[in-house]
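Report on one structure; see the data block that follows.
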Amino acid sequence: MTPELGHFALILAFVVALIQGILPLIGAQRNHGQWVALARPAAQTQFLLIAFAFACLAHGFLNNDFSVAYIAHHSNTQLPTLYRFSAVWGGHEGSLLLWVLMLAGWAAAVSVSSRHLPETMVARVLAVLGLVSIGLLAFVLFTSNPFDRLLPAPAEGRDLNPLLQDPGLVFHPPMLYMGYVGFSVAFAFAIAALISGRLDAAWARWSRPWTTAAWVFLTLGIALGSWWAYYELGWGGWWFWDPVENASFLPWLVGTALIHSLAVTEKRGSFKNWTVLLAIAAFSLSLLGTFLVRSGVLTSVHAFATDPRRGVFILILLAIVVGGSLLLFAWRAPKVHAGGNSGLFSRETLLLMNNVLLVVAAGSVLLGTLYPLLIDALNMGKLSVGPPYFNAVFVPIMVPLLLLVGIGPLARWKHADLKDITARLRVAAVLAVLAGIALPKLMGEWSALTALGCLIAVWITASGVFQIIERLQRGGGLKSAPASFWGMHLAHFGLAVFVIGVTMVGGYQEEKDVRMAPGDTVSVGGYSFRLIGIKEARGPNYLATVGTVELSQDGRVLKNMHPEKRRYLSSSMPMTEAAIDAGFTRDVYVSLGEPLDKPGEKTGAWSVRVYYKPFIDWIWGGCIFMGLGGVLAMLDRRYRIRVKSAETVAETVMSKGTVAGTPA
Amino acid sequence: MKRFLIPLGAFVVLVIFLAIGLTRDPRDVPSPLKDKPAPAFSLPQLGSDKAFSPADMQGRVWLLNVWASWCVSCRQEHPILVAFAKSGNTPIVGLNYKDQIPDAKKWLADFGDPYVLSAVDADGRVGINYGVYGVPETYVIDKAGVIRLKHTGPVTADSLKNQILPLVAALNK
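Chains as they are written, first to last, in our numbering: chain A, 8 to 671; chain B, 510 to 682.
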């Protein structure tokens, strides 16, 4: 019964989405106050209905209702409760349900925290979100219904993919989806602005906190995914340029560009068309990512069962949403006036360079991701594009971008003084060069790449610190600077921390792949690992082989580590659980490979992989700082101030449409 | 006006490529075993003391279907296999993969037995030789014992009619 209720709630949500997507849009155009007023309650109702459907599916999972096909495919009675809950989004149908839940959630959030916005603007924004929701709900209902029954019900379910049975995976998809889907709000603001013709500073200011919020979730979601891959896949890597990782990274790159270009539009009224295009692009790439992951056109470790009909459906959806927005853009954008002029060297120019670099980086990642598909479509064979391409193309684009981070915030709007900036950055530059020379030496071996990484990190940090000091010297104390100032510097500092992590791991990690029998010792990065023994153990839904490895440094025993090799009972899939000793300046990482005894032998030897990973946790630490920076920026007071009365008047005049000769 | 159409134009090109991409199957990486002799093995038969080896099927076109009682997708393809077996078109040999014998027997008793026989691959070693990627999988093997097709995932009415049957008919000529 519960699954049917959930299904019914989804159908109702679809109907509500139709209302939300169509009536307020017409109302805003024709000035029907009642139709405009429908937007908010419709968005909230839709959210409640989808949340109810989601709860029904979760209820089915928690109660092992295997008469629902989706649950039978992704759960099992032996599965621990936490994973039975996270299994709700462990497969295609459920993850799409999560997608529409998030979309409705963002729309509901806009509906409750937009009291200070003009009613017609809110109506249009919610209507655009409603239109997107119509498409996705239709996708769920017609091709991917999570509530389909499987009768007769099997006694036992197939179990959740063991790779996904991990705490990191409980939070990774929701965070990532919050980010992905969150760009729909920036998108909806952009489309609403294009429809109304009001592309101005106010529009940019309304979009900014929402864009930043989505960006924060996406940043943390990607970081969680990377952290999960690091400790769960047992290869010790943190980024693989896998198509699905790229699918989440593309909207991040364009979203980062969007955040910076919105700043220009808000403060200077320029870049309007460019900003709108970026807002459309960020959400389009989120949709493209969903298409790539869900249609199975690209092979990836993430691609599970796929169905060609779904691919066709979501491609049509993509074509309508993105094609429609770009058509609207081509129609309306030529009428938008360019904003204020600015000098050749100004903060605008620097931010434009930031945007160009980020977009070029996104373009090169997109090309690398789609290249196998293009080649196949042109009948030129099958191939795959791997990390060498991405590293060779991506890193050179990032270097000038990272150097710009140190300069941009210093430059004035409109007209910046090159001499003044050079003078203010002199000390930071000297420190950066010194760091580039000295830090790699301290770590052991000097190389150009590690020197460059250290130089960039210190450059960003030092120039940020000097700017903060300058600001404080102007008086007024910590409170005088707005939250967005602190947010920006914190995020940039996060970037520096991240660069240190990437540089140190790339330059100084050590790994060994060895045969070890109990009693054997191997050393890596100044640490010794002694295999003490290997024994069998049993988990809730798996059998495990657990190794005990004694970690010591300079003859002093630090701790025992327990890498595991698990075999999940329901799928007999072997999984590696690495043992990691995490530290501020380094991780040591042990994972079990395969038993090496031939039949008849009893040495108990295994292949064992040990890693020494300096500063690797800084990679994710940096991401956390970036995310916190975003949160600070969002909290800036100016986003909470009500629209100035002049704007309100302008809006009422606009919405009356043809009122002629109103005295200004 | 024209330059504002550039993003739309680029997007249209992208959609065309994605649409072509959809018609291809990235998993359709030609199986290394395709057009190679089926790996030899000798395994006990489910519910009998006799052994089975692919050589026993020499001179006939046959299907090797990898299945297990714990596999939910096998349940999905099973009615199609049962109906196909009734047509008597082509013998299907089951490879019971990493399964418990009582469970496997009960499964066949409950849902019907489309197989002329099922070989028991309890530890999955034969599966490794055949490159079993996920259960269910179906192989079409010709009269000379050469693998002519590997179908990954459940056999559907569609794939049976458009992929497997035409090939079997051609091989039987």
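We treat Cβ as the ideally placed atom computed from N, Cα and C, and that holds for glycine.
In this structure, A:237 is the residue among A:237, A:195, A:203, A:221 with its C-alpha nearest to the C-alpha of residue 175 of chain A. For residue 510 of chain A, DSSP records no beta bridge to any residue. In the structure shown, residue 541 of chain A falls within a strand segment according to DSSP collapsed to helix, strand and coil. Taking the C-beta atoms as reference points, residue 353 of chain A is found nearer than 8 Å to residue 420 of chain A. For residue 609 of chain A, the three-state secondary structure derived from DSSP is coil. Distances from the CA of residue 620 of chain A to each of A:610, A:533, A:572 were compared; the closest alpha carbon is that of A:533. Neighbourhood of residue 576 of chain B in chain A, by CB distance below 7 Å: empty, with the nearest CB roughly 14 Å away. For residue 616 of chain B, the CB contacts under 8 Å within the same chain, skipping 5 residues up- and downstream, are 578 in chain order.
The beta carbon of residue 23 of chain A sits closer than 6 Å to the beta carbons of 49, 52, 53 from its chain, once the five residues preceding and following it are set aside; these are given in chain order. DSSP places residue 614 of chain B in the uninterrupted alpha helix (DSSP H) bounded by 610-620. Between the region 245-264 of chain A and the region 281-298 of chain A there are three or more C-beta pairs closer than 8 Å, enough to call the two in contact. Under the three-state reduction of DSSP, residue 340 of chain A is assigned to helix. In terms of Cβ geometry, residue 107 of chain A and residue 132 of chain A do not form a close pair [threshold 8 Å].
With contacts defined by Cβ atoms closer than 8 Å, residue 163 of chain A and residue 84 of chain A form a contacting pair. Residue environment analysis places residue 571 of chain B among the buried positions, since at least 16 neighbouring C-beta atoms fall within 10 angstroms of its C-beta. Against chain B, the beta carbon of residue 330 of chain A has neighbours under 8 Å at 517, 520, 521, 524, listed in chain order. Secondary structure of residue 237 of chain A (DSSP, three-state): helix. For residue 145 of chain A, there is no enclosing beta strand (DSSP E); the enclosing alpha helix (DSSP H) covers residues 126-150. For residue 99 of chain A, the closest alpha carbon among the candidates A:506, A:88, A:76, A:113 is that of A:76. Taking the C-beta atoms as reference points, residue 80 of chain A is found no nearer than 8 Å to residue 156 of chain A. Residue 11 of chain A carries a helical assignment under DSSP once its states are collapsed to helix, strand and coil. Annotation: residue 605 of chain B is outside any alpha helix (DSSP H); the continuous beta strand (DSSP E) that includes it extends over 601-606. The residues 411, 414, 415, 418, in chain order, have a CB closer than 7 Å to that of residue 357 of chain A in the same chain once the five nearest residues on each side in sequence are set aside. Contacts with chain A at 8 Å (Cβ-Cβ) do not include residue 669 of chain B.
Scanning chain B for C-beta atoms nearer than 9 Å to the C-beta of residue 577 of chain A yields 579, reported in chain order. Here the C-alpha atom of residue 402 of chain A lies approximately 33 Å from the C-alpha atom of residue 643 of chain A. Between residue 526 of chain A and the set A:31, A:317, A:540, the nearest pair of CA atoms involves A:540. Of all residues in the region 159-175 of chain A, only 161, 165 come within less than 7 Å of chain B when Cβ atoms are compared, listed by chain position.
With respect to chain A, the C-beta atom of residue 527 of chain B has a partner C-beta closer than 8 Å. Judged by beta-carbon spacing, residue 637 of chain A lies within the 8 Å limit of residue 226 of chain A, meaning their Cβ atoms are closer than that value.
One Cα belongs to residue 492 of chain A, the other to residue 142 of chain A, and the distance between them is close to 39 Å. DSSP places residue 571 of chain B in the uninterrupted beta strand (DSSP E) bounded by 571-576. Note on geometry: alpha-carbon atoms of residue 659 of chain B and residue 528 of chain B lie some 25 Å from one another. Comparing C-alpha distances from residue 369 of chain A to each of A:252, A:342, A:192 shows the shortest one belongs to A:252. Where residue 517 of chain A is concerned, the enclosing beta strand (DSSP E) starts and stops at 517-523. Annotated as distal: residue 193 of chain A and residue 111 of chain A, with beta-carbon spacing of 8 Å or more.
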